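Protein chains: 2
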Amino acid sequence: MYREKIKVLDCTIRDGGLINDHFFEDKFVREVYKAISASGVDYMEIGYKASKSLMSADKFGKWKFCDEDVIKRATEGIESNTKLSVMVDIGRVEKDDIKPKKDSIIDMIRVAAYVKDIDKAIDLVNDFADKGYETTVNIMSISTAIESEIDEALDQLEKESKASVIYIVDSFGSLYADTVDFLVEKGKKYIKTKELGFHAHNNLQLAFGNTIQAIIDGCNYLDATIYGIGRGAGNCPLELLMGFLKNPKFDIRPVLDVISKEFLPLREKIEWGYIIPYAITGMFNEHPRSAIAFRKTPSKDDYKKFFESMSPIEVE
Amino acid sequence: MYREKIKVLDCTIRDGGLINDHFFEDKFVREVYKAISASGVDYMEIGYKASKSLMSADKFGKWKFCDEDVIKRATEGIESNTKLSVMVDIGRVEKDDIKPKKDSIIDMIRVAAYVKDIDKAIDLVNDFADKGYETTVNIMSISTAIESEIDEALDQLEKESKASVIYIVDSFGSLYADTVDFLVEKGKKYIKTKELGFHAHNNLQLAFGNTIQAIIDGCNYLDATIYGIGRGAGNCPLELLMGFLKNPKFDIRPVLDVISKEFLPLREKIEWGYIIPYAITGMFNEHPRSAIAFRKTPSKDDYKKFFESMSPIEVE
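In order, the protein sequences belong to chains A and B. Counting in numbering that gives the first Met the number 0, the first sequence tops out at residue 315, every number present. Counting in numbering that gives the first Met the number 0, the second sequence tops out at residue 315, every number present.
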C-alpha cells in the first residue's frame with residue numbers, strides 16, 4: 000500500500016506511558032526518538048501535556064507533563080525530520096499550560112475526548128490551533144458511543160473545530176474490520192475539510208488488521224507503537240505497519256533494532272500484548288480497567304474466572 | 000457472526016506438534032480433547048498419520064503416527080460430540096496405512112498438498128473417501144503459487160476429487176485481508192459442490208482478522224488452535240474465533256480454562272506467537288524455516304540482522 004498522504008504517528012512513549020505511569024528513563028526515550036527519526040516516521044508522540052496544578056507531579060513520571068526542557072534533553076543532537084506531538088486529556092490541562100507554538104519544540108497537540116466532551120474538545124483544540132499548532136481531536140471509546148451522538152460529534156467537529164485531523168479511537172480494542180469500515184465511512188460522511196485518523200488497540204489481535212481496513216477506507220493518519228507497546232493489549236505494532244506501507248520514506252530497520260535492544264528487556268519488566276483478560280474485555284466491549292485490576296490479583300491467570308466475572312448476570 | 004454451516008476445526012495437537020516433533024504427553028492431549036469436546040468445537044485434529052516405513056518412528060512423537068490405540072487411550076472415557084481428524088502429507092503416507100472407516104476411530108482425513116502435488120492429493124483423498132472418511136484437501140503455501148496453477152488445481156479438485164472440503168492455507172502467514180478475499184473469491188468460482196475452508200498463520204498478527212475475512216467471503220470450515228499454538232508465529236487463536244462466532248453450540252470457558260492450566264506452562268517450555276523473525280518471513284512471503292533456524296543461533300534476538308539476511312540482494 001502506497002498513498003502519499005499517509006502519515007504515521009508513533010505513540011510509543013505516550014500510550015506506553017499508561018503502563019508505567021510515564022516513568023520512562025531519558026535514555027530509553029532518546030533511543031526511541033533516534034529509531035523513529037531514522038525510520039522516517041512522520042510524528043512521534045512523546046507524552047501527555049498535563050497540568051501540574053491538576054495532576055499530582057509526584058505520582059507520575061515526567062512524560063505525563065512534557066516540560067519543554069525535558070523534551071529538549073531527550074531529543075537534542077539527534078538528526079530528525081520527525082515532528083513532535085503531545086496529547087492532552089479534557090479536564091487535565093489548562094490553556095495556559097500551552098504556550099504559543101513559536102516558543103515550543105512541540106509541533107502537534109492532540110485532544111483526546113469522549114463523545115460527551117466534544118464541546119470542551121473543540122474549545123481546547125481551537126485555542127491550540129490559534130496558537131499555531133497542528134491539532135487533532137481523537138474520539139475515544141467510540142465503540143460504546145450511541146450512533147446519533149457520534150453523528151452529532153462528527154458534524155460539530157467538521158463545522159466548529161479548527162483541528163486538521165479527526166481520529167476514530169478503538170479504546171477497548173473491540174472493533175472488527177466491518178465496524179471499522181462502518182465508522183470510517185460515517186466519518187467520511189461528515190468530515191470533508193479535514194483528514195481522518197485511526198488509533199487501534201490490540202485486545203483481539205486485530206489492531207494491525209483494523210488499521211489496514213482504515214487505510215483502505217481512506218484514513219490517512221495512522222497511530223502505531225514500537226512492538227505494539229501500550230496499555231493492556233497494546234496498540235498496532237509499528238513494525239507491521241511499516242512492513243505493509245510501501246512508502247519509500249520508511250525504513251523498518253531502526254525500529255527492528257530498537258526492539259532488540261530496548262523493548263525485549265523492557266517487556267521483561269512491564270507487560271503488554273496478547274494476554275487473555277484483555278482479549279475478554281475486548282470481546283465484551285469494555286474498558287480494560289477490570290483486566291488491569293485482575294492482573295494484579297493472585298488469580299491473575301485464571302481466565303475462566305475472569306470471563307465469568309465479566310458475564311452480564313442480573314443486569315437490567 | 001452466526002451461520003449454521005460453519006464448522007470449527009481445532010488443530011492444536013497437529014499444528015502444535017510441528018514445534019516439538021509431536022512429543023506431547025498423553026495427559027496434555029487428553030486435557031485438550033476434554034476442553035475441545037466441552038466447548039462444542041466440531042472437529043479436533045489430533046496429529047499426522049505418517050507411515051512408519053517412510054518416517055523414522057524414533058525421531059518423532061506418537062502424534063506423528065496416530066495409531067488407533069494411541070488415539071483411543073487419549074480420548075476414551077471423555078464425553079464428546081467432537082469428530083476426530085488426522086492430517087496426511089504427500090509422500091509420507093501409504094494408502095495401506097489407512098484402514099476402512101468402519102475399523103477406525105478417526106472421522107476425517109485431511110490431505111495437505113502443494114499445488115504441484117494436486118494429482119497425488121486427489122489420488123490419495125479419493126482412496127480415503129472411498130474408505131468411508133470425511134475428507135479435505137488443504138492447498139498449502141498458496142501465497143507463493145502462480146495464479147494459473149491455482150486455477151487449474153481448483154478446477155481439478157472440483158471435477159476429480161471426492162473431498163468434501165477444499166482448504167486455502169496461508170502457510171507463510173503472508174496474506175492480507177484483500178488477498179484472502181481474492182483467493183476465496185477464486186475458490187468460489189471453481190468449487191461449487193464442496194465447502195471451502197481457511198487455515199491461517201499469525202506471522203503478521205492477521206490470522207484472526209484473515210479468518211473473519213474468509214468467513215465473510217463464505218468459508219465454512221475454519222481452523223484454529225488453542226492460544227494460537229503452532230509452528231513459528233502460530234495459528235488463529237481458537238478463543239478469539241469463539242468470541243466472534245455467535246453459534247450457541249460453542250462455550251468458550253473450557254478453552255479459557257485449559258489455557259490457564261496447560262498452555263501457560265507449556266509456553267514456558269516451547270515458543271510460538273508474535274516473535275519478530277516470523278513477522279519478517281511473513282513480510283517476505285517466505286517459509287518460516289529461516290526464522291526457526293535463526294531462533295536457534297546466539298543472535299536470535301538481533302532482528303535487524305535477520306531482516307538484512309532476508310533482503311533480496313544479488314538475486315536475478
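Backbone N, C-alpha and C fix where the C-beta goes; we use that ideal spot for every residue, glycine too. Just so we're clear, the structure is a prediction, and the values are computed from it rather than from any experiment.
Legend entry - Closest by C-alpha distance to Phe181/B, when choosing among Cys10/B, Glu157/B and Gln212/B: Ranking Cys10/B, Glu157/B and Gln212/B by Cα distance to Phe181/B puts Gln212/B first.
Inset, instruction - Flag this pair as touching only if the segment 258-265 of chain A and the segment 218-227 of chain B have three or more C-beta atom pairs under 8 Å; answer yes or no. - result: Contact fails: fewer than three Cβ-Cβ distances are below 8 Å.
Inset, instruction - Give the single residue among Phe243/A, Arg288/A and Leu205/A whose Cα lies nearest to the Cα of Cys235/B. - result: Nearest to Cys235/B by C-alpha distance, out of Phe243/A, Arg288/A and Leu205/A, is Leu205/A.
Inset, instruction - Determine whether the Cβ of Tyr175/B lies closer than 8 Å to any Cβ atom of chain A. - result: Taking Cβ atoms only, chain A reaches closer than 8 Å to Tyr175/B, which makes this a yes.
Inset, instruction - Tell me where the beta strand (DSSP E) around Phe43/B begins and ends. - result: What sits at residue 43/B in the sequence shown is Met, not Phe. For Met43/B, the enclosing beta strand (DSSP E) has its first and last residue at Tyr42 to Tyr47.
Legend entry - Contact check, Tyr113/A vs Asn202/A, beta carbons under 8 Å: In this structure, the beta-carbon distance from Tyr113/A to Asn202/A does not fall below 8 Å.
Legend entry - Inter-residue Cα distance where the pair is Ser175/B and Ile258/B: Checking the sequence shown, residue 175/B turns out to be Tyr, not Ser. Rounded to whole angstroms, the gap between the alpha carbons of Tyr175/B and Ile258/B is 28 Å.
Inset, instruction - Check distances from the C-beta atoms of the segment 254-274 of chain A to those of chain B and list, in chain order, the residues that come in under 8 Å. - result: Residues Leu255, Asp256, Ile258, Ser259, Leu263, Gly272 and Tyr273.
Inset, instruction - Taking the CB atoms as reference points, tell me whether Met107/A and Tyr1/A lie closer together than 8 Å. - result: Cβ atoms of Met107/A and Tyr1/A: not closer than 8 Å.
Legend entry - Separation of Lys191/A from Ala120/A, as counted between CA atoms: So the two alpha carbons sit approximately 19 Å from each other.
Inset, instruction - Under 8 Å Cβ to Cβ from Lys115/A, same chain only, skipping five residues before and after it: list those, please. - result: Answer for Lys115/A: Glu148, listed in chain order.
Legend entry - Environment of Lys245/A [buried if 16+ CB atoms lie within 10 Å]: Here Lys245/A is exposed, its C-beta having fewer than 16 other C-beta atoms within 10 Å.
Legend entry - Contact the segment 155-162 of chain B vs the segment 125-140 of chain B: 3+ CB pairs below 8 Å: They touch, by the three-pair rule.
Inset, instruction - Please name the residue, chosen from Pro297/A, Lys4/A, His21/A and Ile5/A, that lies closest to Ile228/A on a Cα-to-Cα basis. - result: The closest CA to that of Ile228/A, considering only Pro297/A, Lys4/A, His21/A and Ile5/A, is found on His21/A.
Inset, instruction - Within the segment 187-273 of chain A, note down every full alpha helix (DSSP H) run reaching 4 residues or more, in order along the chain. - result: As far as the segment 187-273 of chain A is concerned, its whole alpha helix (DSSP H) runs of at least 4 residues are 206-216, 237-243, 252-257 and 263-268.
Inset, instruction - Mind reading off the beta-carbon distance from Glu75/A to Ile275/B? Whole number of angstroms is fine, and I expect it under 8 Å. - result: Not confirmed; about 30 Å, so no contact.
Legend entry - Sufficient close CB pairs (3 or more, under 8 Å) joining the segment 281-299 of chain B to the segment 288-302 of chain A: The segment 281-299 of chain B, when compared against the segment 288-302 of chain A, does not touch it at the 8 Å Cβ threshold.
Legend entry - Which listed residue (Tyr189/A, Phe171/A and Arg252/A) has its alpha carbon closest to that of Gly231/A: Gly231/A has its Cα closest to that of Phe171/A, out of Tyr189/A, Phe171/A and Arg252/A.
Legend entry - Tyr166/B beta carbon less than 8 Å from that of His200/B: No, they are not a contact pair.
Legend entry - Pick from Ile145/A, Leu195/A, Ser140/A and Gly39/A that is closest to Val168/A, judged by C-alpha positions: Of all alpha-carbon atoms in Ile145/A, Leu195/A, Ser140/A and Gly39/A, the one lying nearest the alpha-carbon of Val168/A is that of Ser140/A.
Inset, instruction - Excluding the 5 residues preceding and the 5 following Cys65/B in the sequence, name in chain order all residues of the same chain whose CB lies nearer than 7 Å to its CB. - result: The answer, listed in chain order, is Ile45, Gly46, Tyr47, Lys48 and Val85.
Inset, instruction - Establish whether the CB of Met282/A and some CB of chain B are separated by less than 8 Å. - result: Yes, Met282/A counts as interfacial toward chain B.
Inset, instruction - Would you identify the three-state DSSP class for Met282/A, choosing helix, strand or coil? - result: It is helical.
Legend entry - With 16 other Cβ atoms within 10 Å as the buried cut-off, status of Gly281/A: Buried is the call here.
Inset, instruction - Put Arg91/B into one of helix, strand or coil per three-state DSSP. - result: In the structure shown, Arg91/B sits in coil (DSSP, three-state: anything other than H, G, I, E or B).
Legend entry - 8 Å Cβ cut-off: residues of chain B touching Glu238/A: Here the neighbours are Ile275 and Ala278.
Legend entry - Cutoff 8 Å: Asp180/A Cβ touching any chain B Cβ: No, no contact with chain B.
Inset, instruction - Starting from the C-beta of Gly272/A, find all residues in its chain whose C-beta is less than 7 Å away, skip the five residues before and the five after it, and write them out in chain order. - result: So the list reads Gly227, Ala232 and Gly233, once near-sequence residues are dropped.
Legend entry - Contact set between the segment 281-302 of chain B and chain A, restricted to residues whose Cβ is under 7 Å from the partner: Correct list: Met282, Asp300, Asp301 and Tyr302.
Inset, instruction - Please confirm if Gln204/B has its CB atom under 8 Å from at least one CB of chain A. - result: Among the residues facing chain A, Gln204/B is included, as its CB has a counterpart in that chain under 8 Å away.
Legend entry - Own chain partners of Lys248/B with C-beta closer than 6 Å, once the 5 adjacent residues on each side are dropped: Only Gly39 meet the Cβ criterion.
Legend entry - chain E contacts from the segment 71-82 of chain A (Cβ-Cβ distance under 9 Å): Absence of chain E from the displayed structure is noted, the protein chains being A and B.
Legend entry - Own chain, CB closer than 7 Å to Phe23/B, minus 5 neighbours either side, in chain order: Cβ neighbours of Phe23/B within its own chain (closer than 7 Å, five residues either side excluded): Ile12, Gly16, Gly60 and Trp62.
Legend entry - Under 8 Å between C-beta atoms of Val69/B and Val87/B: Cβ distance not < 8 Å, so Val69/B and Val87/B don't count as in contact.
Legend entry - beta strand (DSSP E) segment containing Arg109/B, residue limits: Per DSSP, Arg109/B is one residue of the beta strand (DSSP E) stretching across Met107 to Ala112.
Inset, instruction - Counting only the same chain and skipping the five closest in sequence on each side, list residues whose C-beta sits under 8 Å from that of Leu255/A. - result: Around Leu255/A: Glu238.
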